[in-house]
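S.K.: When we follow this note's numbering, the leftmost residue of the sequence shown carries the number 41, and every step to the right adds one. Every residue gets a Cβ at the ideal spot worked out from N, C-alpha and C, and that includes glycine. All figures in this text were calculated on a predicted structure; none of them were measured in a lab. Structure provided below as structure tokens; questions to follow.
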Amino acid sequence: MAASDIEHLHQLAVHAYYVGERDVGLRACERLLGEGLTPAREAIVRRNRTWYTPTLDTLADCTMRQIDVEPAVKGWTLFNPTIVSSRFGHLLVVRSSNYRIVDGRYVTPEEDGGKIRTLNVRASLDSSLGVYRKEKPLVCLYDRSDFSVDGLEDVRLNKIGDRIVASGTIRNAAGRDGLARIGVGEMVLGNVQPVVLDEPVPGRHEKNWMPLLGTETWLYSCHDDGRVVTVSRQGDRWVLTPRGTSPLIARGFRGGSQLVPHGDGWVCVIHEVAEDEGRRVYEHRFVWFDAELSITGWSSPFVFRGQRQIEFAAGLAWIDAGRLVVTFGVRDEEAWLAVVKHDQLYAARSTP
Numbered sequence: 041m042a043a044s045d046i047e048h049l050h051q052l053a054v055h056a057y058y059v060g061e062r063d064v065g066l067r068a069c070e071r072l073l074g075e076g077l078t079p080a081r082e083a084i085v086r087r088n089r090t091w092y093t094p095t096l097d098t099l100a101d102c103t104m105r106q107i108d109v110e111p112a113v114k115g116w117t118l119f120n121p122t123i124v125s126s127r128f129g130h131l132l133v134v135r136s137s138n139y140r141i142v143d144g145r146y147v148t149p150e151e152d153g154g155k156i157r158t159l160n161v162r163a164s165l166d167s168s169l170g171v172y173r174k175e176k177p178l179v180c181l182y183d184r185s186d187f188s189v190d191g192l193e194d195v196r197l198n199k200i201g202d203r204i205v206a207s208g209t210i211r212n213a214a215g216r217d218g219l220a221r222i223g224v225g226e227m228v229l230g231n232v233q234p235v236v237l238d239e240p241v242p243g244r245h246e247k248n249w250m251p252l253l254g255t256e257t258w259l260y261s262c263h264d265d266g267r268v269v270t271v272s273r274q275g276d277r278w279v280l281t282p283r284g285t286s287p288l289i290a291r292g293f294r295g296g297s298q299l300v301p302h303g304d305g306w307v308c309v310i311h312e313v314a315e316d317e318g319r320r321v322y323e324h325r326f327v328w329f330d331a332e333l334s335i336t337g338w339s340s341p342f343v344f345r346g347q348r349q350i351e352f353a354a355g356l357a358w359i360d361a362g363r364l365v366v367t368f369g370v371r372d373e374e375a376w377l378a379v380v381k382h383d384q385l386y387a388a389r390s391t392p
């Protein structure tokens, strides 16, 4: 696209808001994000788009429900739930933490001495996705350092054969330097003992790896030099593997849910981030992949509960042949689920 066309779209993306043409503004932002923008221009476009992004229920039939479980400790928050289907129904793990976000700052109880603490609440859902069994918090067993962030954060659940495997971020593994690294462990009798290996790219914080359901592979990046990249364990280290092709618009796609099977490929929910005056604003999409993990389609961006806030999806599961349940957190203080008709989203997807 010529520089003059990009500038025209940029101006359209700004001015459409002021004349009430929000669909026009959203389309202009989407077209721009499919181009090779400078990092500064891309950041502006992402910030502008946050004023246009619709809620999920405007894209497809959708119902939402707040998840009714007790926090791990009285007064703690509940957020960023994950879900997986098993022979016992739908299993749920919900993050519960001691902090709240106030004016962009993490505020913890005085008695915790500035340490951010996370425990994970377990529950089971019935056929109507209501909570029918609440269990004790998941016990996370690993050698800890004195680093000021404790626990297994933003868990994703995976079912591999008869095993339920949890993966999430750990900051205070003993002998480590405080970098965010991924811990992985099987859930057994309410316990998980995660293995923490060095990060695959030295010095990089690792968060939000997306399990490919039923495998011991995670989606690592949706776009690295035009390729999708996965990560898997080989011995005592993580190994990155380039996979299928990825369009330029996917350079901002970040980890969200698991990848669950769809036909011969996969479907997941990712998030994108905009920065606005020091605040992080989250938006989401459904993304489809083929068997080789090439990106074959993506939905319009959406928010769950409201524009221009923190929302985060960490779970996805099929309910039946036509409906998906997505689990997500709001403002790092609420846990929700949404049931959406997949076929409507798929029919309206964009493709490379």
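Does the separation of the CB atoms of E239 and V205 fall below 7 Å?
M.R.: Cβ distance not < 7 Å, so E239 and V205 don't count as in contact.
S.K.: Go ahead and pull the three-state DSSP assignment for Y386.
M.R.: Of the three classes helix, strand and coil, the one that applies to Y386 here is helix, per DSSP.
S.K.: Report the CB separation of P341 from R325 in whole angstroms; it is logged as a contact under 8 Å.
M.R.: Yes, they are in contact, since the Cβ atoms of P341 and R325 sit about 5 Å apart, within 8 Å.
S.K.: May I ask you to report which of helix, strand or coil DSSP gives I84?
M.R.: Three-state result, I84: helix.
S.K.: For R363, collect the residues of the same chain with a Cβ closer than 8 Å to its Cβ; drop the 5 residues on either side in sequence, then sort them by chain order.
M.R.: Result list for R363: V379, V380, K381, H382, in chain order.
S.K.: Going along the chain, which residues of its own chain have a beta-carbon closer than 8 Å to the beta-carbon of D108, five neighbours each way excluded?
M.R.: Hits under 8 Å: G170, V171.
S.K.: Could you spell out where the alpha helix (DSSP H) holding Y92 opens and where it closes?
M.R.: Taken as a continuous stretch (DSSP letters only), Y92 belongs to no alpha helix (DSSP H), as it is neither H nor E.
S.K.: If you draw a straight line from the alpha carbon of V365 to that of S188, how long is it in whole angstroms?
M.R.: Using only the alpha carbons, I get a separation of about 34 Å.
S.K.: Following the continuous alpha helix (DSSP H) through E47, name the residue where it begins and the one where it ends.
M.R.: Segment 43 to 58, the alpha helix (DSSP H) holding E47.
S.K.: Roughly how many whole angstroms lie between the Cα atoms of G243 and R221?
M.R.: In a straight line, the C-alpha of G243 is about 10 Å away from that of R221.
S.K.: Which of the three DSSP states, helix, strand or coil, is assigned to R348?
M.R.: Note: R348 maps to coil in three-state DSSP.
S.K.: For D45 and L356, what's the separation of their Cα atoms in angstroms?
M.R.: If I take the Cα positions, the gap works out to 38 Å.
S.K.: Could you check what DSSP says for A361 in three-state terms: helix, strand or coil?
M.R.: Three-state result, A361: coil.
S.K.: Using a threshold of 7 Å, state whether the C-beta atoms of V343 and T103 are closer than that.
M.R.: No, these two residues do not count as a Cβ contact at 7 Å.
S.K.: Residues in the same chain with beta-carbon distance under 8 Å from T270, minus the five sequence neighbours each way, listed in chain order, please.
M.R.: Excluding residues within five positions, the ones whose Cβ falls inside 8 Å are L252, T257, W258, L259, Y260, L280, T281, R283, L333.
S.K.: Using C-beta distances below 6 Å, list every residue in its chain close to S339, excluding the 5 sequence neighbours before and after it, in chain order.
M.R.: Contacts found: R325, F326, L385, R389.
S.K.: When the Cα of V224 is compared with those of C180, W328, R267, which residue comes out closest?
M.R.: Per the Cα distances, C180.
S.K.: Could you tell me whether the Cβ atoms of L178 and N160 are closer together than 7 Å?
M.R.: Going by C-beta atoms, L178 is nearer than 7 Å to N160.
S.K.: Let me check understanding here. Comparing Cα to Cα, which of K176, I200, R203, K247 lies closest to I210?
M.R.: With distances taken between Cα atoms, I210 lies closest to K247.
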